[in-house]
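Numbering-wise (full-length UniProt numbering), the sequence shown opens with residue 1 and increments by one. Notes to accompany the following structure.
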Amino acid sequence: MYMPRVHLLGCALHECACFSQPESVASSPQYSDPHLYVWNVTGNRLLHRVEGVRLKTRPAQCTDLVGVKRQLEMLAKMKVTHYRFALDWPSILPTGNLSMVNRQALRYYRCVVSEGLKLNISSMVTLYYPTHAHLGLPEPLLHSGGWLNRSTAKAFQDYADLCFRELGDLVKLWVTINEPNRLSDIYERSSNDTYWAAHHLLIAHALAWHLYDRQYRPAQRGALSLSLHSDWAEPANPYADSHWKAAERFLQFEIAWFAEPVFKSGDYPLAMREYIAFKNRQGLSSSTLPQFTEEERRLVKGTADFYALNHFTTRFVMHERQNGSSYGTDRDIQFLQDITCLSSPTRLAVVPWGERKVLRWIRRNYGDVDVYITASGIDDQSLENDELRKYYLEKYIQEALKGEVRGPFRIQ
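Printed below as a string of structure tokens:
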């Protein structure tokens, strides 16, 4: 039986949002209390402070973060080798700049990583997880326009620099931004908000990658990428040419939107530009994709050491002409539910072979790139015996292995 070269078993404890909030539990006073005590063994058996004596406090060795060890020990029992979690940007830099650094938060994250390494669990650390409440931005940056303001990209570079410096000696796998291609539901105040926010996210990622490559990679020897939501698309009617075109258009707008600039050309997909221009000529949309300057092309192109794949389901699509100027309407896509498919309580279709197909599509378009499956899973109503989730994970892992055997892919 053929066995692939290497496979890493990993997980994120926070299932829907692998986002880790710093928290601590009080422990021994030796780390914070400088006073000396004696034990009254013959009297009330209490500790009595010796007045006038002050000792040096010891630096904490993660003992006051008992929850960290408990979670990591659970992962070790599961034979997990990698743990993916996200840092909380506002917790580390509340003001959005380096004028106020929360050292306690950084110590917490360093404890997560170092305690994991003691159990042979390596961390994959995500710098920015934008799809939870408030975009995960420090308030000053949010109030100054968030990702519609290009200066946020420079603020992200400064934040990344701090994280690489404080944690990089222990971390070998970094994700800059989780699913930047899923911000379309947030930035839609005007026709081009989504596209400009995406543009600045790409610049932010590229600035962080070059910073790491230039200043930290020689010593830390890590790898860095951004994770993309990469669901597969199938034509709802396989006999309709317009449905096949709609499926490919979905992939161009969903995946290639970010993957093409980073892994290939330094520019947005030609198919995406041409379709938006076509809708402009038809008077159905006034949207425009931002233009990369030559400097930005050079900045963005090639800024990934692996493809970080977040894959959950396969979408069944058909062409439907839509009027309006937004990312959603520019695609001219209608989603359909295949009632013959096994699905989750939230109607997420379980289509294991879709994962293999999207892996093949990535290789065909972006070459022989290492792929890390950084997120996958499904909701299940059962609290104790989640058979649907077990079936999902088993079948999707099998399809990924098939893809590596037939690819050949290098899947982690």
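Think of the CB as a built atom: it goes at the ideal place given N, C-alpha and C, for glycine as much as any other residue. Note that the structure is predicted; figures quoted are calculated from it, not measured.
Taken in chain order, the unbroken stretches of alpha helix (DSSP H) that lie wholly in the stretch 205 to 262 and span 4 residues or more are 217 to 220 and 241 to 251. In the three-state reduction of the DSSP assignment, residue 314 falls in the strand class, which pools E and B.
Across the set 319, 101 and 251, the C-alpha of 251 shows the shortest separation from the C-alpha of residue 360. DSSP places residue 51 in the uninterrupted beta strand (DSSP E) bounded by 47 to 54.
Annotation: residue 351 to residue 394 spans about 12 angstroms, alpha carbon to alpha carbon. In this structure, the straight-line span from the alpha carbon of residue 129 to that of residue 284 is close to 33 angstroms.
Under the three-pair Cβ rule at 8 angstroms, the stretch 272 to 286 does not count as touching the stretch 82 to 97. Counting along the chain, residue 117 sits inside the alpha helix (DSSP H) bounded by residues 103 to 118.
Within the same chain, and ignoring the five residues on either side of residue 343 in sequence, the residues whose Cβ sits closer than 7 angstroms to its Cβ are 349 and 350. A Cβ-Cβ separation of about 7 angstroms places residue 287 in contact with residue 195 under the 8 angstroms criterion.
DSSP lists 317 as the bridge partner or partners of residue 335. Contact between the stretch 48 to 55 and the stretch 98 to 108 is not established, with fewer than three Cβ pairs separated by less than 8 angstroms. Short of 8 angstroms from the beta carbon of residue 68, and not among the five residues preceding or following it, lie these beta carbons of its own chain, in chain order: 62, 108, 111, 112 and 115. The three-state reading of DSSP puts residue 292 in coil, since its state is none of H, G, I, E or B. Per DSSP, residue 306 lies in no beta strand (DSSP E) segment and is marked neither H nor E. If you compare the alpha carbons of 86, 138, 105 and 146 with that of residue 123, the shortest gap goes to 86. The three-state secondary structure of residue 191, taken from DSSP, is coil. Beta-bridge annotation (DSSP): residue 35 is paired with 54. Three or more beta-carbon pairs separated by less than 8 angstroms are not found between the stretch 288 to 302 and the stretch 329 to 337, which leaves the two stretches without contact. Taking residue 193 as the centre and dropping the five residues before and after it, the same chain places the C-beta of 148 and 187 closer than 8 angstroms to its C-beta, in chain order. A direct Cα-Cα distance of roughly 7 angstroms separates residue 392 from residue 378. In this structure, the alpha-carbon of residue 235 lies about 6 angstroms from that of residue 318. The way I'd put it, the stretch 159 to 171 doesn't touch the stretch 236 to 245; fewer than three beta-carbon pairs between them come closer than 8 angstroms.
As the crow flies, the alpha-carbon of residue 203 is around 56 angstroms from that of residue 37. Your pair residue 311 and residue 376 checks out as a contact, with CB atoms roughly 6 angstroms apart and the cut at 8 angstroms. For residue 361, the enclosing alpha helix (DSSP H) starts and ends at 353 to 366.
Of the candidates 199, 254 and 357, the residue whose Cα lies closest to the Cα of residue 293 is 199. Residue 300 carries a helical assignment under DSSP once its states are collapsed to helix, strand and coil.
It is roughly 40 angstroms from the alpha-carbon of residue 207 to the alpha-carbon of residue 345. Taking the Cα positions, residue 46 is about 15 angstroms away from residue 35.
Here residue 151 carries a helix assignment [DSSP, helix/strand/coil]. Counting C-beta atoms within 10 angstroms of its own C-beta, residue 323 has fewer than 16 neighbours from the protein chains shown and is therefore classed as exposed.
Per DSSP, the unbroken beta strand (DSSP E) holding residue 175 starts and ends at 173 to 178. For residue 153, the CB contacts under 7 angstroms within the same chain, skipping 5 residues up- and downstream, are 200, 203, 204 and 207 in chain order. For residue 350, there is no enclosing alpha helix (DSSP H), as DSSP gives it neither H nor E. The three-state reading of DSSP puts residue 376 in coil, since its state is none of H, G, I, E or B.
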